[in-house]
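Heads up, the thing below is written out as structure tokens.
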Amino acid sequence: MDKILPILEKYVEWIALGIGALFMALMGYSYAVKSPVSVPLGTEQLAPSAVDPAIKKSPDLGALVDAMASKNGAPKPGQITPVAAALLSEINRPVPVPDLGGRKGPEQGPVKTVAEDATIPTLPKAMYTDMSNGWGLYQWAKWQPPPAAVPGAPGVPPGAGVPAAVPFNPAGGVATQMIQQEFGWWTGKFELSMAQLTAALKAAKLDPQNPAEFKSAFLGVELYRQEKQLDGKWGPETRIAALPEYLPQLKSLPADNATRPVKAEFMSWAAQNVVMLVQPPFPQVVAGDPWYAPGTPPPAKVNQNDPGAVPVPGAPGLPGVPAPGAVPGFVPRMPPPVGPRGPAALLPARGRPYPMMFAMSGPAFGQPSDRGFAPAVPQPGFTRDDGSTPVPGFGTAPGDASGVPGAGDPEGVFNPDLLVQQAVGQALPDFKAVIYAHDITVQPGKTYQYRVKYLLRNPLFLMERVKPEYANKLALVSDYSDWSKEFTVAARVEFWVNKVNENRGVVEDAEFDVFVAAAAGWKQEKVKVAPGDQIAKGDGNSGWSLVDIRKSKDNKYEVVLTDINGQIQRRDLQTDLDDPKHRERAGIPETPAVGPSLEGVPPPGAPGVPPGTPPRRPPPGRGFTPDS
1 MDKILPILEK YVEWIALGIG ALFMALMGYS YAVKSPVSVP LGTEQLAPSA
51 VDPAIKKSPD LGALVDAMAS KNGAPKPGQI TPVAAALLSE INRPVPVPDL
101 GGRKGPEQGP VKTVAEDATI PTLPKAMYTD MSNGWGLYQW AKWQPPPAAV
151 PGAPGVPPGA GVPAAVPFNP AGGVATQMIQ QEFGWWTGKF ELSMAQLTAA
201 LKAAKLDPQN PAEFKSAFLG VELYRQEKQL DGKWGPETRI AALPEYLPQL
251 KSLPADNATR PVKAEFMSWA AQNVVMLVQP PFPQVVAGDP WYAPGTPPPA
301 KVNQNDPGAV PVPGAPGLPG VPAPGAVPGF VPRMPPPVGP RGPAALLPAR
351 GRPYPMMFAM SGPAFGQPSD RGFAPAVPQP GFTRDDGSTP VPGFGTAPGD
401 ASGVPGAGDP EGVFNPDLLV QQAVGQALPD FKAVIYAHDI TVQPGKTYQY
451 RVKYLLRNPL FLMERVKPEY ANKLALVSDY SDWSKEFTVA ARVEFWVNKV
501 NENRGVVEDA EFDVFVAAAA GWKQEKVKVA PGDQIAKGDG NSGWSLVDIR
551 KSKDNKYEVV LTDINGQIQR RDLQTDLDDP KHRERAGIPE TPAVGPSLEG
601 VPPPGAPGVP PGTPPRRPPP GRGFTPDS
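One point on numbering: in the UniProt record's numbering, the residue at position 482 of the sequence shown is 482, and numbering is uninterrupted.
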């Protein structure tokens, strides 16, 4: 020890430096060269931070646990205690997914992994094909929310709730009265190619062989309009609201961050009302132009004075509508609306209403075929000379459900690829969904153009193991369709100069006969107009203004007019007074022709008249006499 201590004392500084250098080298190797800790996972050595991501990416958690146990020398699942084995079996069992439109695999086995490159489909745009239009007096039922107490329900005292005369509709409310309104309308027909939709889903890496993912459903249609301005340019775009009778019943599309129960409720509602969303029925015509499908001949006008042209109070029964239970598979969804005028039951054939809504399922509306759709057949018991389906007391329904994919499916879904295959099997190149959109706010003399967007359910909605932003997105919105053909609403006002007023040789104003078209006929009013005034009346405007009143070279009065587009027109007073159309509108009888009386002139072949001899004409101012 005595020999060692002097050496240590002599070299203590170098020894300390050596120990420090060795410690630093060890630390550098441990922290810079080699990871401080590694976890054996399967056949790999992973850092602790990489363990959780590796487990999440594993396609089979049970196989992963097996590999870990085998690598670490632990007993395999079959060799451990029954409790541990049951736990591992539960971990490896596939979790059932509720059928809310999400993707799931077969009933046995783990959930199928979504392709890594699957993405949100880009929907094809709808194509405009045709339009129809008209003007008339129409009516629809005013629906109220369902009452808190339903008559006849358990625990409800007799007489409580709504009166017995007002039928209760659990789905849509109570029909309390019929609303009547006169308006002009436009209906556009748009088509969506199922072949193009199939291509869009395939481009998003969705598997057409997997019916759980290669499907969708209609969630709505949006109609947009532009109005042509005075300078000939198109004005701002506006969205057209739904028809008034459906506003209380329509549900708003839930936001992407809404809860799953809210989205599931909306999906269930949309499945039951897919026809209403894609082909909304039109209000019932009382007088004027009945609704007709675009591309078909317009029907004859309905005259309000025709027998049966308006609802008859106390009308017995509802002709053409089968009683509940008479047709298997059909259950009434809405009772006939009853109001002050009685049930909307009787209209002439060209404007007949269908006052009940039936569930859009069953044999009459086709059968689902693995999310395909079999075309509908006419329902027995319905007279359908106007090609309509029954609607809830509002009038004529556009087309029938065979043009609405998903109308025959309990969930409202359809497989576009199967629809195309069915069409090809019937020697058709494609299956095209038919979309109708209505605008009942058009104004006389205005020019419009229209386009639509449609909404489909996202095929990736609630799908397992996809990006959260994909799985939470319920609705996909298409791009705009092409613009429709321009549509100019016919003028509802006609006018003629009837009189020019002077005061001491000075022309003051002119009097016009103004006629405004209405569903019940033309309404006449005499209007005095001074230069600078519009030729207008309370419920209509001709679009023309009076510029000047003057005398022509032949001393006849004429008026100078201009319209909203700056067009100039001259009207002659006498010409307007003699216009046959003016006289017809005003109910002025035709003036009989002035000429000599032919009373007593024997016709050719009369006794005493040689054959072939025409009768002699009397001279002006004289009648026929034997010796004339």
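Note that beta-carbon positions come from the ideal geometry of N, C-alpha and C, so glycine has one too.
Bear in mind that the values here come from a model prediction, so they are computed numbers and not experimental data.
{"Query": "Check for me: the alpha helix (DSSP H) holding Phe266 runs from which residue to which?", "Result": "260-272"}
{"Query": "Output the residue ranges of the alpha helix (DSSP H) runs that lie fully inside the stretch 390-465 and measure 4 residues or longer, sorted by chain position.", "Result": "416-425"}
{"Query": "In terms of alpha-carbon separation, which member of Tyr224, Ile15, Pro283 lies closest to Ala141?", "Result": "Pro283"}
{"Query": "Quick one: what does DSSP say Ala300 is sitting in, helix, strand or coil?", "Result": "coil"}
{"Query": "Looking only at C-alpha atoms, which of Trp291, Glu227, Gln534, Val275 sits nearest to Val489?", "Result": "Glu227"}
{"Query": "Based on the DSSP secondary-structure assignment, which residues constitute the bridge partners of Pro40?", "Result": "Gln45"}
{"Query": "Can you tell me the Cβ-Cβ gap for Leu460 and Ile120, rounded? I've got them flagged as a contact below 8 angstroms.", "Result": "6 angstroms"}
{"Query": "Suppose contacts are defined by Cβ-Cβ distances below 8 angstroms. Is Glu222 in contact with Ala126 by that definition?", "Result": "no"}
{"Query": "With DSSP as the reference, label Gln196 as helix, strand or coil.", "Result": "helix"}
{"Query": "Please report the distance separating the alpha-carbon of Lys523 from that of Asn415.", "Result": "54 angstroms"}
{"Query": "If you reduce the DSSP assignment to three classes, tell me which class Gln226 lands in.", "Result": "strand"}
{"Query": "Going by beta carbon distance, what residues of the same chain come within less than 6 angstroms of Tyr448, once the five residues before and after it are set aside?", "Result": "Arg225, Glu227, Phe487"}
{"Query": "Hey, would you say Leu474 sits closer than 8 angstroms to Arg457, going by beta carbons?", "Result": "yes"}
{"Query": "Straight-line CA distance for Ala258 to Gln443?", "Result": "39 angstroms"}
{"Query": "DSSP beta-bridge partners for Ser545?", "Result": "Gln534, Thr562"}
{"Query": "Here's the rule I'm using: 16 or more other beta-carbon atoms within 10 Å means buried, otherwise exposed. How should Val285 be labelled?", "Result": "buried"}
{"Query": "In chain order, what residues of the same chain lie with their CB nearer than 6 angstroms to the CB of Thr562, ignoring the 5 residues before and after it?", "Result": "Ser545, Val547, Ile568"}
{"Query": "Just to confirm my understanding: we take Ser484, look at its own chain, exclude 5 residues before and 5 after, and list those with CB closer than 7 angstroms. What are they?", "Result": "Tyr128, Met131, Gly188, Gln449, Tyr450, Arg451"}
{"Query": "Are at least three pairs of beta-carbons, each pair with one atom in the stretch 261-272 and one in the stretch 203-214, less than 8 angstroms apart?", "Result": "no"}
{"Query": "First and last residue of the alpha helix (DSSP H) that includes residue 642?", "Result": "Look at the range of the chain in this structure, 1 to 628, and you will see that residue 642 is not part of it."}
{"Query": "Could you give the distance in angstroms between the alpha-carbon of Leu137 and the alpha-carbon of Glu584?", "Result": "23 angstroms"}
{"Query": "Buried or exposed for Glu558, please, with buried defined as at least 16 other CB atoms from any protein chain shown within 10 angstroms of its CB.", "Result": "buried"}
{"Query": "Could you compute how far the alpha carbon of Trp186 sits from the alpha carbon of His438?", "Result": "6 angstroms"}
{"Query": "Quick one: using the 10 Å Cβ neighbour count with 16 as the cut-off for buried, is residue 629 buried or exposed?", "Result": "Because the chain spans 1 through 628 in this model, residue 629 falls outside it and cannot be assessed."}
{"Query": "Considering only residues of the stretch 461-516, which uninterrupted alpha helix (DSSP H) runs meet the minimum length of 4 residues and lie entirely inside it, listed in chain order?", "Result": "468-471"}
{"Query": "Just the C-alpha distance for Lys556 and Arg504, rounded to the nearest angstrom, thanks.", "Result": "17 angstroms"}
{"Query": "Taking the continuous beta strand (DSSP E) assigned at Ala287, which residues delimit it?", "Result": "284-288"}
{"Query": "Where DSSP assigns a beta bridge to Glu133, which residues make up the other side?", "Result": "In the sequence as presented, Glu is not what sits at residue 133; that position holds Asn. Trp186."}
{"Query": "Residue range of the beta strand (DSSP E) that Thr238 falls in?", "Result": "238-240"}
{"Query": "Our contact map puts Ala423 next to Asp430 with C-beta atoms below 8 angstroms; I'd like the distance itself, whole angstroms only.", "Result": "6 angstroms"}
{"Query": "With Val215 as the anchor, note down where its beta strand (DSSP E) starts and where it stops.", "Result": "The question names Val, yet the displayed sequence has Lys at residue 215. Careful: Lys215 lies outside any beta strand (DSSP E) and carries neither H nor E."}
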